[in-house]
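Visitor: Pasting a structure here, questions to come.
2 protein chains.
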Amino acid sequence: MIDHYDGVRAFDWKGDGLLLLDQRLLPHLTEYVHCRTAEEVADAIRGMAVRGAPAIGIAAAYGVVLAVRQHGLATECSRQSVFHEIDRLAESRPTAVNLFWALDRMRRLLDRGAGLAQVEQEARAIHEEDLLANHRMGAFGAALIEPGLDVLTHCNTGSLATAGLGTALGVIRTAYSEKRIGRVFADETRPWLQGARLTAWELKEDGIPVTLICEGAAASLLRTGKVGWVIVGADRIAANGDTANKIGTYGLAIMARRHGVKFMVVAPTTTFDLSLPTGEGIPIETRPMDEVTSLGGRPIAPAGVDAWNPSFDVTPAELIDAIVTERGVIHQPTVERVRAVLGGL
Amino acid sequence: MIDHYDGVRAFDWKGDGLLLLDQRLLPHLTEYVHCRTAEEVADAIRGMAVRGAPAIGIAAAYGVVLAVRQHGLATECSRQSVFHEIDRLAESRPTAVNLFWALDRMRRLLDRGAGLAQVEQEARAIHEEDLLANHRMGAFGAALIEPGLDVLTHCNTGSLATAGLGTALGVIRTAYSEKRIGRVFADETRPWLQGARLTAWELKEDGIPVTLICEGAAASLLRTGKVGWVIVGADRIAANGDTANKIGTYGLAIMARRHGVKFMVVAPTTTFDLSLPTGEGIPIETRPMDEVTSLGGRPIAPAGVDAWNPSFDVTPAELIDAIVTERGVIHQPTVERVRAVLGGL
Chain W
1 MIDHYDGVRA
11 FDWKGDGLLL
21 LDQRLLPHLT
31 EYVHCRTAEE
41 VADAIRGMAV
51 RGAPAIGIAA
61 AYGVVLAVRQ
71 HGLATECSRQ
81 SVFHEIDRLA
91 ESRPTAVNLF
101 WALDRMRRLL
111 DRGAGLAQVE
121 QEARAIHEED
131 LLANHRMGAF
141 GAALIEPGLD
151 VLTHCNTGSL
161 ATAGLGTALG
171 VIRTAYSEKR
181 IGRVFADETR
191 PWLQGARLTA
201 WELKEDGIPV
211 TLICEGAAAS
221 LLRTGKVGWV
231 IVGADRIAAN
241 GDTANKIGTY
251 GLAIMARRHG
261 VKFMVVAPTT
271 TFDLSLPTGE
281 GIPIETRPMD
291 EVTSLGGRPI
301 APAGVDAWNP
311 SFDVTPAELI
321 DAIVTERGVI
331 HQPTVERVRA
341 VLGGL
Chain X
346 MIDHYDGVRA
356 FDWKGDGLLL
366 LDQRLLPHLT
376 EYVHCRTAEE
386 VADAIRGMAV
396 RGAPAIGIAA
406 AYGVVLAVRQ
416 HGLATECSRQ
426 SVFHEIDRLA
436 ESRPTAVNLF
446 WALDRMRRLL
456 DRGAGLAQVE
466 QEARAIHEED
476 LLANHRMGAF
486 GAALIEPGLD
496 VLTHCNTGSL
506 ATAGLGTALG
516 VIRTAYSEKR
526 IGRVFADETR
536 PWLQGARLTA
546 WELKEDGIPV
556 TLICEGAAAS
566 LLRTGKVGWV
576 IVGADRIAAN
586 GDTANKIGTY
596 GLAIMARRHG
606 VKFMVVAPTT
616 TFDLSLPTGE
626 GIPIETRPMD
636 EVTSLGGRPI
646 APAGVDAWNP
656 SFDVTPAELI
666 DAIVTERGVI
676 HQPTVERVRA
686 VLGGL
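Protein sequences appear in the order of chains W and X. Each residue of the first sequence is one higher than the one before, starting from 1 at the first, in our numbering. Each residue of the second sequence is one higher than the one before, starting from 346 at the first, in our numbering.
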């Protein structure tokens with residue numbers, strides 16, 4: 001049933017190359033970037049042909065496979081080249097921790113003397129585990145939603161941002177298939193318009209009713225009482241539940257609390273960074289000004305104007321009603337409750 | 346001194362026509378719409394060649410002058426044509442009350458038997474009074490700002506939205522000329538991008554440091570502690586101080602309160618609608634979906650996607666620290682405090 005609402009895929013692994021649906025061109029063009037080297041994968045991540053915390057981790061894992069194919073593992077020199085490629089992949093985006101988690105997992109495998117076949121198997125496993133995790137999170141998250149209201153989401157957390165189904169959008173797809181929600185409101189998500197270009201496209205492709213709003217209209221929408229939950233993904237979650245996610249998330253959480261609307265974060269346990277006690281330590285990527293001052297190569301502001309373009313913000317745990325992981329739900333997150341669900345991670 | 350920071354004008358009245366700086370084309374092109382009839386003025390307001398609550402009122406007043414020139418006042422039939430044109434002007438935008446205020450003032454003058462010369466004089470008076478009111482509000486508002494921090498504003502409330510200087514931007518220009526603030530952060534203000542296209546342009550023209558942000562970055566900015574005041578304009582203010590303003594204002598007020606940042610509304614007394622006890626009764630214009638789903642004629646969302654595009658929202662008085670009018674400041678607005686400053690209005 002749920003597969004009926006999950007028709008989109010961001011990846012196609014070809015054994016000797018990785019096809020990435022170019023998310024910069026959606027929804028106007030459906031074209032693929034063909035990465036044949038780890039460097040091309042790093043460029044695709046940095047340039048946002050592929051984006052979304054889980055998707056970046058999966059792409060990077062396949063990037064390691066391509067590095068091993070390219071350089072081999074026979075000599076110390078070739079191994080060094082592979083580890084150099086892994087470092088380059090790690091520098092492609094700074095905030096999402098899934099990237100570092102996936103690369104660490106590949107690195108540990110190589111340290112144990114794995115060959116190409118095992119490396120490729122590990123990347124495929126990372127890919128498949130993500131899809132399974134999303135199905136589990138979909139079930140856990142949807143179960144929290146009392147039927148009868150709509151939901152609001154931010155950015156894109158769907159099949160395009162993951163191995164499939166999505167994190168926040170996985171919960172939303174599941175809730176829709178279970179008739180718990182009637183409609184999805186999607187923030188357009190400036191400056192990159194992931195909501196308008198990607199979320200609206202995914203949901204439309206899958207026949208789920210979607211209404212686009214500008215971020216500025218969110219407070220008015222929440223005031224109407226139509227929305228029961230704001231549901232978002234995450235790029236990195238600290239040990240106490242503080243959550244870094246796409247810029248605009250923190251403001252939404254403040255507005256949701258003001259209106260008594262519940263706030264749900266949906267993220268696999270690979271998104272947690274238990275080395276950070278709070279969100280204060282999460283590095284926030286600042287992207288180029290021209291993402292704000294121009295659109296599709298055309299200026300939308302006076303030439304030379306200054307802009308501030310942080311790509312993420314941190315929502316404090318106290319504004320979050322539930323963090324949904326594949327291991328279960330963390331209600332009103334605290335250090336202890338996060339530890340209780342994540343266990344020995 | 347303050348004139349040094351106020352070089353832009355939206356209007357040029359020619360006696361037999363009204364030149365409007367076309368705000369749809371800024372900042373890329375500086376072109377004027379030449380309105381020779383009241384109908385052309387109504388079209389310019391509806392199409393947003395001119396926008397901003399006070400500016401709409403001024404344009405409409407000149408529209409009445411053009412109607413009188415066109416139809417004359419000699420016969421009952423010609424007078425009826427003039428009043429018909431006034432009704433058409435009143436239908437051009439629904440939310441800003443300054444439009445209805447200016448048209449009522451012109452209508453009353455005609456009812457008293459005024460001729461063309463008096464009608465033109467009245468329109469000029471409305472125009473000049475607005476500029477003087479802005480200078481008074483600039484002084485009152487700037488005096489509230491403790492030196493040393495920056496400010497955040499929304500939409501465009503500057504010389505382009507008024508007879509000159511601006512409402513919120515008039516306070517900001519004054520505060521900058523008095524060295525009370527260092528920098529202006531401007532919300533880009535989706536979907537119409539008044540902040541990116543108009544506010545950033547005005548401030549740059551006048552040499553006031555401006556940094557553009559997307560609405561989604563406002564909460565992160567307010568969290569830094571750099572911003573002492575959020576300063577906005579208004580389209581209609583109810584008797585209790587509830588304030589309708591550009592969509593996104595209400596969310597900003599919620600975020601400002603959360604961070605202990607003060608929230609100032611700047612509007613001439615003509616923006617008050619004392620017939621409405623609270624903001625509940627303010628009609629909110631919903632504009633076409635394609636303002637959200639396309640930009641500059643190019644789609645930015647999948648074809649046929651649904652969008653919700655309310656043009657204004659209502660900020661409850663309890664979130665407002667000060668409403669600055671040309672008659673004085675209403676602190677922590679209530680019905681009684683509004684009445685105390687507005688007096689017999």
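By construction, the Cβ of each residue, glycine as well, lies at the ideal position given by its N, Cα and C atoms. Nothing here was measured: the structure is a model prediction, and the numbers come from that model.
Ordered along the chain, which non-local residues of its own chain (more than five positions away) have a Cβ less than 7 Å from that of P492 (chain X)?
Guide: If you ignore the 5 residues before and after P492 (chain X), its C-beta comes within less than 7 Å of the C-beta of K524, R525, all in its own chain and listed in chain order.
Visitor: If I'm right that R24 (chain W) touches A49 (chain W) with Cβ under 8 Å, what's the distance once you round it to whole angstroms?
Guide: Your pair R24 (chain W) and A49 (chain W) checks out as a contact, with CB atoms roughly 6 Å apart and the cut at 8 Å.
Visitor: Assign K591 (chain X) to one of two classes, buried (16 or more other C-beta atoms within 10 Å of its C-beta) or exposed (fewer than that).
Guide: buried
Visitor: Could you give the DSSP three-state label for G17 (chain W): helix, strand or coil?
Guide: coil
Visitor: Specify the secondary structure class of N98 (chain W) as computed by DSSP and reduced to three states.
Guide: Annotated three-state conformation of N98 (chain W) is helix, per DSSP.
Visitor: Are the segment 542–562 of chain X and the segment 570–589 of chain X touching by the rule of at least three beta carbon pairs closer than 8 Å?
Guide: no
Visitor: Output needed for Q695 (chain X): all residues of its chain with C-beta closer than 7 Å, excluding positions within five of it in sequence on either side, in chain order.
Guide: Any property of residue 695 (chain X) remains undetermined from this structure, which presents chain X solely from 346 to 690.
Visitor: Does DSSP put N245 (chain W) in a helix, a strand or coil?
Guide: The answer is strand: DSSP assigns N245 (chain W) an E or B state.
Visitor: For W546 (chain X), return the contacting residues in chain W, with the cut-off set at a CB-CB distance below 7 Å.
Guide: P302
Visitor: Check whether the Cβ atoms of P554 (chain X) and R528 (chain X) lie closer than 8 Å to each other.
Guide: yes
Visitor: Which residues in the same chain as L222 (chain W) place their Cβ atom closer than 8 Å to its Cβ, once the five residues preceding and following it in sequence are excluded?
Guide: Hits under 8 Å: L152, V230, M255, A256, R258, H259, V261.
Visitor: Please name the residue in X:P399, X:G417, X:V683 whose C-alpha comes closest to that of R438 (chain X).
Guide: X:P399
Visitor: Give me, in chain order, the residues of the same chain whose beta-carbon lies closer than 8 Å to that of D651 (chain X); leave out the 5 immediate sequence neighbours on both sides.
Guide: Correct list, in chain order: M634.
Visitor: Less than 8 Å between CB atoms is the rule here; does Y176 (chain W) satisfy it with respect to chain X?
Guide: For Y176 (chain W), the answer is no, since every Cβ of chain X falls outside 8 Å of its Cβ.
Visitor: Span of the alpha helix (DSSP H) holding I56 (chain W)?
Guide: Segment 53–71, the alpha helix (DSSP H) holding I56 (chain W).
Visitor: Name the residues in the segment 490–508 of chain X whose C-beta lies less than 7 Å from a C-beta of chain W; which are they?
Guide: none
Visitor: Report the option in W:L132, W:T249, W:Y62, W:T271 whose CA atom is closest to the CA atom of A218 (chain W).
Guide: W:T249
Visitor: Using the beta-carbon of each residue, which ones in chain X are nearer than 7 Å to G251 (chain W)?
Guide: The answer, in chain order, is G561, A563, A564, G596, M600.
Visitor: Suppose you measure from the CA of A584 (chain X) to the CA of A42 (chain W); what does that come to, to the nearest Å?
Guide: 58 Å
Visitor: Pull out every residue of the segment 648–677 of chain X whose Cβ sits closer than 7 Å to any Cβ of chain W, in chain order.
Guide: V650, D651, A652, W653, P655, D658
Visitor: By the three-class DSSP mapping on this structure, what secondary structure does W308 (chain W) have?
Guide: Coil, per DSSP.
Visitor: Along the segment 91–102 of chain W, where does the CB come closer than 8 Å to a CB of chain X? Name the residues.
Guide: none
Visitor: Beta-carbon of P27 (chain W) versus every beta-carbon of chain X: anything under 8 Å?
Guide: yes
Visitor: Note down, one range per segment and in chain order, each alpha helix (DSSP H) of at least 4 residues found wholly within the segment 151–179 of chain W.
Guide: Taking only runs of at least 4 residues, the alpha helix (DSSP H) segments lying wholly in the segment 151–179 of chain W are 168–177.
Visitor: From which residue to which residue does the alpha helix (DSSP H) around D290 (chain W) run?
Guide: 290–293
Visitor: Could you give the residue range of the beta strand (DSSP E) that holds M609 (chain X)?
Guide: 607–611
Visitor: Give, in chain order, every unbroken run of the alpha helix (DSSP H) that is at least 4 residues long and sits entirely within the segment 533–572 of chain X.
Guide: 545–550, 563–568
Visitor: Residues of chain W with CB closer than 9 Å to the CB of P613 (chain X), please, in chain order.
Guide: Near P613 (chain X) there are no residues of chain W at all, since even the closest Cβ is about 24 Å away, more than 9 Å.
Visitor: At a Cβ threshold of 8 Å, is L366 (chain X) touching chain W?
Guide: no
Visitor: Between which residues of its own chain and L619 (chain X) is the CB-CB distance below 6 Å, once the five residues before and five after are set aside?
Guide: Closer than 6 Å at Cβ, skipping near neighbours: A584.
Visitor: Taking 7 Å as the limit between beta carbons, can you name the residues of its chain near P372 (chain X), skipping five residues before and five after?
Guide: R542, W546
Visitor: When burial is assigned at 16 or more other CB atoms within 10 Å of the CB, is A470 (chain X) buried or exposed?
Guide: exposed
Visitor: Return the first residue and the last residue of the alpha helix (DSSP H) that L458 (chain X) is part of.
Guide: The sequence shown places Gly at residue 458 (chain X), rather than the Leu named in the question. Looking at the DSSP string, G458 (chain X) is not in any alpha helix (DSSP H), and its letter there is neither H nor E.
Visitor: Starting from the C-beta of V68 (chain W), find all residues in its chain whose C-beta is less than 6 Å away, skip the five residues before and the five after it, and write them out in chain order.
Guide: V82, L116, V119
Visitor: Shortest alpha-carbon distance to C214 (chain W) belongs to which of W:D130, W:V266, W:G195?
Guide: W:G195
Visitor: Give a yes or no on whether 8 Å exceeds the smallest Cβ distance from A244 (chain W) to chain X.
Guide: Output row for A244 (chain W): interface = no.
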